[in-house]
Amino acid sequence: FETYTSGQKMATKLDDEVVGGVAQSNERYWRFWLLVCGILFFFGCHNYMQELIMSLPGFKVGVFLGYLEVLGVAICSYIERVWSGETTRKAHWSQYVMLCLCLLVSSATSNIALQYINYPTKVVFRSCKLVPTMLIAMSYNNKKVQWFELMFGIFISFGMVLFAAADFQVYPKFDFIGIVLVSVSVVADAFLPNFQERVFDQGSSRIEVTFFTNLLCLAAMTAAFSASGDLPEAFSYALANPHALLLMSIYTFLAYIAITFHMALVKEFGGIITVLVGNTRKAMTIVLSFILFPKPLSVLYLGGGVLVFGSLVGNALMKEKLMNSQPPGSKAPKKEITFAA
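Using the working numbering, read the sequence shown as starting at 8 and increasing by one per residue.
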């Protein structure tokens, strides 16, 4: 009788653990999709506003958009930090300097590149950061990357080449320097989620990382753009054009909301997952760009899009298959989740 009772207790305990694990998994699943939907919506609005502002007559200071993003995020994250009562800083200043450098290089080169290449080409090229992000994750954060992730990453890179070739054919203002600039932006952006993940692992909150990173960036950009004359020129343009000023204000606010969702995804699900979600968002952005801002079409755009976003779908399906092949009740990796519903 004692053996039977002990067995019942063990079975009950096991059932409770399984039920608890399923509930926790379901909660994590829906939290993931909430973050994904937030990223898709707010970054979609943000990117629409970015292209709209870049198309305004007389607006030539592309780096000012990056400055507005940093300014808005720094102010909003400070308010959020005060409101939440957070007063301590857990990560070392040197780590925030590294994050700041990556963010500065990524933002500046990405926005300047829009003066030389089409917006969809810039978006697709930045999707290429999946490969360097995975390589950095393996070397810096000791992450395990599956062979199919690297394979699909190579396909994505081929898609970048096709998009660049299409831009060269149909875009009258195309300049190869735009490809160089956006490539530099991709490499810098690949370091960013991996550095952020390391800082989060030390116990830093999303608000802390957002505030101190953008605070340093704001100081550096204010000094650099004031010295170059870009900042006074951009402010003069905004003050002389109330419509442009309104668009820039909305753009700044949207940037903070979008980045908040992005940082939450990095904190809970890791850098590689965040990049994959970002690439899905960019697919939507490209479609909307061609619809809302008509551009010359080329079959190379279609071929590049199939390679890039077909690889993303293939990667998601392979990850789902890998997750489903795990034994029932096995503990899911801390930073992994399947994409399929």
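Every residue, glycine too, gets a C-beta built ideally from N, C-alpha and C.
If you draw a 10 Å sphere on the C-beta of Thr128, you find 16 or more other C-beta atoms in it, and that means buried. With a contact defined as Cβ atoms closer than 8 Å, Tyr263 and Asp182 miss out at about 32 Å. Between the alpha carbons of Leu75 and Phe242 lies a gap of roughly 11 Å. Within 10 angstroms of the beta-carbon of Ile86 lie fewer than 16 other beta-carbons, which makes it exposed. When the alpha-carbon of Cys224 is set against those of Val104, Gly185 and Pro139, the nearest one is in Val104.
Per DSSP, reduced to three states, the secondary structure at Asp182 is coil, with no helix or strand assignment. Judged by pairs of C-beta atoms under 8 Å, the region 147-166 touches the region 301-315, as three or more such pairs exist. In this structure, the alpha-carbon of Arg88 lies about 47 Å from that of Val177. Contact annotation: Phe71 and Asp196 have beta-carbon atoms that are not nearer than 8 Å.
Taking the CA atoms as reference points, Thr229 sits about 39 Å from Phe159.
Secondary structure of Thr259 (DSSP, three-state): helix.
Shown here for His269: same chain residues with a beta carbon closer than 8 Å to its own, the five before and five after excluded, namely Ile46, Phe50, Thr281 and Gly285 in chain order. At a cut-off of 4 residues, the continuous stretches assigned as alpha helix (DSSP H) that sit fully inside the region 83-158 are 100-120, 126-134 and 137-147. The beta carbon of Cys107 is closer than 7 Å to those of Thr220, Leu223, Cys224 and Ala227 in its chain, skipping five residues each way along the sequence.
Taking the C-beta atoms as reference points, Ser192 is found no nearer than 8 Å to Ala247. Per DSSP, reduced to three states, the secondary structure at Val68 is coil, with no helix or strand assignment. Contact between Glu215 and Arg96 holds, since their C-beta atoms are separated by about 6 Å, short of 8 Å.
The criterion of a C-beta distance shorter than 8 Å is not satisfied by Thr217 and Val112.
Straight across, the Cα-Cα distance linking Met141 with Cys109 is about 16 Å. In this structure Ala98 does not touch Ser305 by the C-beta definition: roughly 46 Å separates them, more than the 8 Å allowed. With fewer than 16 other CB atoms across the displayed protein chains lying within 10 angstroms of its CB, Lys328 is exposed. Taken atom to atom, the span from the alpha-carbon of Ser233 to that of Glu240 is near 9 Å.
In this structure, the beta-carbon distance from Gly69 to Tyr244 does not fall below 8 Å. In this structure, DSSP gives Gly236 a state outside helix and strand, which the three-state scheme calls coil. In the structure shown, Pro301 falls within a coil segment according to DSSP collapsed to helix, strand and coil. Shown here, Gln203 sits in a helix according to DSSP, grouped into three states.
When the Cα atoms are used, Glu156 and Pro249 turn out to be separated by approximately 47 Å.
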